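Under the working numbering, the letters of the sequence shown match residues 7 to 356, in that order.
Ideal Cβ positions, reconstructed from N, Cα and C, are used throughout, including at glycine.
Values in this document were obtained by computation on a predicted structure and should not be read as measured data.
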Amino acid sequence: MPKIVTLPGDGIGPEVTAAAVQVLREVAPDLQFEEHAIGGGAYEAHGDPFPQRTRDALADADAVLLGTVGGAQNSPWNSLPRPLRPESGLLALRKALGCYANLRPVRVQPGLEHLSPLKPELARGVDILIVRELLGGVYFDGDRKLDGDTAYNTMRYTTPEVERVAKMAFWAAEQRKGRVTSVDKANVLEVSELWRRDVQALRDREYRSIHLNHEYVDSVAMLIVSDPSRYDVIVTENLFGDILSDLAAVIPGSLGLMPSASLGDGAGLFEPIHGSAPDIAGKGVANPAAAIMSAAMLLRHGLKRSDAANSIERAVALALREEPTRDLGGKADTKTFTNAVLEAMGTPVG
């Protein structure tokens, strides 16, 4: 019986995670769920944003389903020492799982072009996969300091780190259209020179069937919203990937439609990319689509159950057409949308 560790987290995390678990229970009744704490709530309860009991639970997990972590900008959590802040718990979670590659699909479903703020002719048919390196760069490098009026962070990568995430991108492209765009800033940064050199060398050595293109991050930031159909798979480092994937979320219409899978050495981590939205937490109006689609990615990448994943994704697309949530101009609340997904999967809802 596969064990799924759920980490609902903060803000709207518990609400959207509950919706995703409800859908998972219907499509895969053999799954075993075990809930644990992470983030700001974990700090308040245990004095640690990534408590030891949560770490221990990961040891025999087959997959991890995460909600959201963090609070409002004026949250007292933000005044804590950095190692105790909610986001530090998330970074520690990723490192503990060895999740070095974050897969973020950006897809406009047929018939849902009207949800995008882009012109329908630009949004139609968009299907991008952003592969973000997740354990290196400025977010993890220990060479950092804030000292009075001076501060610095260091972006550092090694060839093995670049190659392992590039392999994930090339593998994904082989299942898709066979095109990879590697994003860097090699005209300014030495670390990007290394990135570009190593990605190209790996392609030439092991993935000659893949068409590889190199682009600067500032150019991609413009083209991903002005000509998104030019992209198939995008691979880039941690900071650039964080920014570009949030920017790309505008294409489908909302951060509430953006799932993700973080893969690597052990159990995968699956989570929506939106924030904790504390202003609507507890009101029952959060859009659970990204969490539910993250559950579909859990089935596909974590448990190798593609048929079940496809069933969820088709149901979400139908629910978005018939019962759009408030952030998409509709009226559906969390419960209404989740029920619409279950009904689209053929599950009676009482």
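- Message: Just to confirm, is the Cβ distance from M161 to V137 under 8 angstroms?
- Response: Locating residue 161 in the sequence shown gives position 155, where the first residue counts as 1. Locating residue 137 in the sequence shown gives position 131, where the first residue counts as 1. No, the Cβ-Cβ distance between M161 and V137 is not below 8 angstroms.
- Distance between beta carbons of P294 and A25, contact taken as under 8 angstroms: By one-based count along the sequence shown, residue 25 stands at place 19. By one-based count along the sequence shown, residue 294 stands at place 288. Contact flag correct, Cβ pair sits at about 4 angstroms.
- Query: If you draw a straight line from the C-alpha of S94 to the C-alpha of A102, how long is it?
  - Reply: Along the sequence shown, one-based indexing puts residue 94 at 88. Along the sequence shown, one-based indexing puts residue 102 at 96. When rounded, the distance between both Cα atoms is 12 angstroms.
- Task: Spell out the partners DSSP gives P358 in its beta bridges.
- Result: Past the boundaries of the shown model lies residue 358; the chain is included only from 7 to 356, so the question cannot be answered.
- For Y237, count neighbouring C-beta atoms within 10 Å of its own C-beta (all shown protein chains included) and say buried if the count is 16 or more, exposed if not. Your numbering for residue 237 matches position 231 in the sequence shown. The residue is buried, with at least 16 neighbouring Cβ atoms inside 10 Å.
- Query: Nearest-angstrom Cα distance between W83 and G53?
  - Reply: As a working mapping, residue 83 is identified with position 77 in the sequence shown. As a working mapping, residue 53 is identified with position 47 in the sequence shown. In a straight line, the C-alpha of W83 is about 12 angstroms away from that of G53.
- Task: State whether the region 297–312 contacts the region 259–270, with contact taken as three or more CB pairs (one from each stretch) at a distance under 8 angstroms.
- Result: yes
- Query: When burial is assigned at 16 or more other CB atoms within 10 Å of the CB, is V194 buried or exposed?
  - Reply: The sequence position of residue 194 within the sequence shown is 188, counting from 1. Result: exposed.
- Message: If the criterion is Cβ atoms closer than 8 angstroms, does the pair A292 and A321 meet it?
- Response: Along the sequence shown, one-based indexing puts residue 292 at 286. Along the sequence shown, one-based indexing puts residue 321 at 315. Result no, Cβ atoms of A292 and A321 do not sit closer than 8 angstroms.
- Message: Looking at the secondary structure, which residues open and close the alpha helix (DSSP H) in which A227 lies?
- Response: Counted from its first residue, the sequence shown places residue 227 at position 221. V223 to S232 is the extent of the alpha helix (DSSP H) around A227.
- Closest by CA to E167, which one among E21, A34, S317 and C105? By 1-based counting over the sequence shown, the position of residue 167 is 161. Answer by Cα proximity: C105.
- DSSP puts Q38 in a beta bridge; with which residues? For this step, residue 38 is matched to residue 32 along the sequence shown. Answer by DSSP bridge pairing, in chain order: K9.
- DSSP bridge partner residues for H220 (one or two, in chain order): The residue you call residue 220 lines up with position 214 of the sequence shown. S188, per the DSSP bridge assignment.
- Query: On the three-state DSSP scale, how would you describe D313?
  - Reply: Here residue 313 refers to the residue found at position 307 when the sequence shown is read from its first residue. Looking at D313 - three-state DSSP - the assignment turns out to be helix.
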